[in-house]
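For reference, the structure is listed below as structure tokens.
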Amino acid sequence: MKCIAFIQTKGGQASKASLEAAGFAAGIGETVAVVSGELNGDGGLGAVGVSRVLQGPAKLDDAQLAKLVSAATDKEGANLIVSAQDHLGKAVAGRVAVRLGAGIIAGVTSAPDGGSYTRNVFSGKATAQVKGNTDKLVVTTTPNAIGMPEAQGGSATVEAFQTDLGENKIEVLEAARPSGGDRAPLPEAELVVSAGRGMKGPENWGIIEELADSIGATTACSRPVSDIGWRPHHEHVGQTGIAIRPNLYIAVGISGAIQHLAGVNGSKVIVVINKDPEAPFFKAADYGIVGDAFDVVPKLTAALKAL
Amino acid sequence: MEFLVCISKAPDTTTRIAFAEGNTRFDEEGVQYIVNPYDEWYALVRALEIVESSGGKVVIASVGGADVEPILRKGLAIGAHEAVRIDATPEEAGQVAEELAAYAKDKGFNAIFCGKETIDHNSSAVPAMMAEHLGLPCVALCTSLEYEGEKAIMTRETANGIEKIGVTGPFVLSAAKGMAEQRIPNMRGIMAARTKPLTVAPASGASATTSIEQFALPAAKAGVKLVDADNPAELVRLLREEAKVI
Chain P
1 MKCIAFIQTK GGQASKASLE AAGFAAGIGE TVAVVSGELN GDGGLGAVGV
51 SRVLQGPAKL DDAQLAKLVS AATDKEGANL IVSAQDHLGK AVAGRVAVRL
101 GAGIIAGVTS APDGGSYTRN VFSGKATAQV KGNTDKLVVT TTPNAIGMPE
151 AQGGSATVEA FQTDLGENKI EVLEAARPSG GDRAPLPEAE LVVSAGRGMK
201 GPENWGIIEE LADSIGATTA CSRPVSDIGW RPHHEHVGQT GIAIRPNLYI
251 AVGISGAIQH LAGVNGSKVI VVINKDPEAP FFKAADYGIV GDAFDVVPKL
301 TAALKAL
Chain B
308 MEFLVCISKA PDTTTRIAFA EGNTRFDEEG VQYIVNPYDE WYALVRALEI
358 VESSGGKVVI ASVGGADVEP ILRKGLAIGA HEAVRIDATP EEAGQVAEEL
408 AAYAKDKGFN AIFCGKETID HNSSAVPAMM AEHLGLPCVA LCTSLEYEGE
458 KAIMTRETAN GIEKIGVTGP FVLSAAKGMA EQRIPNMRGI MAARTKPLTV
508 APASGASATT SIEQFALPAA KAGVKLVDAD NPAELVRLLR EEAKVI
């Protein structure tokens, strides 16, 4: 099996989610990566098992990126196309599948078992084993689910790659500004500190920010808190917000409604801090503290800072 | 402006998921269906807001059997002008996208709205696939939409934060949270929905390119380990030495 890995770069380096996708592909077959724009060396792709990198032009829209990836697939005679299920993957992977007449299996969470891929369904309440019925198949990998491949110390050769891409139909008027400062974006974050209505008001979020900063975590919140405007919408995790799968999820003052659990139960370890011992979230937690957030959180932050 | 809003039937967010027939089929017994929240709260409401302020029409479409008609009526009650049921029973995103694209192809919609994903299959694949079938740009994870004359000005989520973009001409968007606020239909809307047009369009016959072999439920947690509220240092020790996550 020959694979194409579609890679998103930042500052010339492959993103963490893209490196996971490339390592996933390299575990299945010989993998050629496709990137658009600037690249430092091989962008870190050789170390995860990629043999060659095809470098296309910069500043392409999603339709042009799909053309680039599809042309690379044809050129290489590949039949598995892998991308991260990140912002760009959601815009491009489906288009690639249509162009190639391929099936798409989106948001895969582990290495395939034969031709069978596991993905989350019902917003994380269940999983499904899915197989493709087409010669070519597009697979996207859920960030922070597959895990980073072991560095192999290899390097990949980089070749310029060009094809007829047509015109860019999406005009960027203002470049993106990181909304959460230096913190990792929620879908990729390994550590997340989240809080809910138990915080009583937006003015009390300082202790949550401090707890997050003490371990370099990203902050998140429950739906009611974003709906009433205490916190921005992009922090809402859960079934109707963002689904996350960090290594550690600390939930403060969140009762654990089924809709919230659906978005966070892929977390490897869940810590719940709640003053109500009957909060349903404790049933889904690995560790818990029954206590008042305003008392427990500063003490926990102090203990973490003492490390 | 004439907009198409694609809506999907989804199990209510409080549904406890179970499977039947050797875990090969979703067990629908006792399940309440709703309009997929991203399609309704964000995509449909924003389309209606624009049409209500500057004129035009909102058509809603769903791919499915007669069982999707209640959610189409709900969309009409919220304010959509016409509803179309595309008469197919899709098994996967690729079929949904192909059926919707076949319907939308010659209709001249100014924009096609979808939610960013459905809460049952979570593929986020339909908007991009439909856009490719139609040869249109696709704005994924869109968080706001305004028109300046003919030009659509949008913000979207990217890996680097929120980006502001412009598109001239028709496009497909997938709506994320922030685009609009949920709207509860009033009695007048519900009454009006009964007489608004709901037509059935034939399927184009798209075939499934993937198949679900089996479902599974996640393993239950072993049980919570409680730490005394006066001793958070013990929690830190457990996270470090036992769970090894910090």
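Residue numbers (this note's numbering), protein chains in the order written: chain P, 1 to 307; chain B, 308 to 553. All residues carry an ideal CB built from backbone N, CA and C; glycine is no exception. This structure is a prediction, so every number in the text was calculated from the model and none was measured.
Item, Value
"Three or more C-beta pairs below 8 Å linking the segment 133-149 of chain P and the segment 30-42 of chain P", "no"
"Min CB distance Thr134 (chain P) to chain B below 8 Å", "yes"
"Straight-line Cα distance separating Ala499 (chain B) from Ser18 (chain P)", "49 Å"
"Listed by chain order, chain B residues near Val192 (chain P) by CB distance under 8 Å", "Under the 8 Å cutoff, chain B gives no residues; its nearest Cβ is about 11 Å from Val192 (chain P)."
"Min CB distance Ile519 (chain B) to chain P below 8 Å", "yes"
"Pick from P:Ser123, P:Gly253 and P:Glu167 that is closest to Arg245 (chain P), judged by C-alpha positions", "P:Ser123"
"Per DSSP, cross-strand counterpart(s) of Ile367 (chain B)", "B:Val312 and B:Ala390"
"Any chain P beta carbon closer than 8 Å to Ser420 (chain B)", "For clarity, residue 420 (chain B) is Phe in the given sequence; the question names Ser instead. Not an interface residue."
"Residue of B:Asn493, B:Met461, B:Phe478 and B:Thr396 minimising C-alpha distance to Ala176 (chain P)", "B:Met461"
"Which listed residue (P:Lys275, P:Thr142, P:Lys90 and P:Ala71) has its alpha carbon closest to that of Val534 (chain B)", "P:Lys275"
"Under 7 Å from the C-beta of Glu328 (chain B): neighbouring residues of chain P", "Under the 7 Å cutoff, chain P gives no residues; its nearest Cβ is about 14 Å from Glu328 (chain B)."
"Start-to-end residues for the beta strand (DSSP E) that takes in Met461 (chain B)", "Lys458 to Thr465"
"Bridge-paired residues (DSSP) for Ser309 (chain P)", "Past the edges of chain P, shown from 1 to 307, lies residue 309 (chain P), and the structure says nothing about it."
"Proximity test, Asp213 (chain P) beta-carbon vs the ligand GDP heavy atom, cut-off 7 Å", "Ligands are entirely absent from the displayed structure, and the ligand GDP is therefore not among its contents."
"Rounded separation between Lys412 (chain B) and Ala160 (chain P) - CA only", "36 Å"
"Close Cβ partners of Gly56 (chain P) (< 6 Å) along its chain, the five nearest in sequence each way excluded", "Ser36, Leu68 and Phe161"
"Alpha-carbon spacing of Leu480 (chain B) relative to Leu542 (chain B), whole angstroms", "44 Å"
"Straight-line gap, Asp319 (chain B) to Ile258 (chain P) (C-alpha atoms, nearest Å)", "11 Å"
"Within 8 Å, strictly: CB atoms of Thr163 (chain P) and Ala306 (chain P)", "no"
"Nearest-angstrom Cβ-Cβ length linking Val365 (chain B) and Ala354 (chain B), presumed shorter than 8 Å", "5 Å"
"Run of the beta strand (DSSP E) containing Tyr249 (chain P), from where it starts to where it stops", "Leu248 to Val252"
"Option in B:Ala325, B:Ala373 and B:Leu311 with minimal Cα separation from Val507 (chain B)", "B:Ala373"
"C-alpha distance - Ala350 (chain P) paired with Val138 (chain P), whole-angstrom precision", "Because chain P in this structure spans residues 1 to 307, residue 350 (chain P) falls outside the shown range and cannot be described."
"Cβ pair Leu248 (chain P), Val552 (chain B) closer than 8 Å", "yes"
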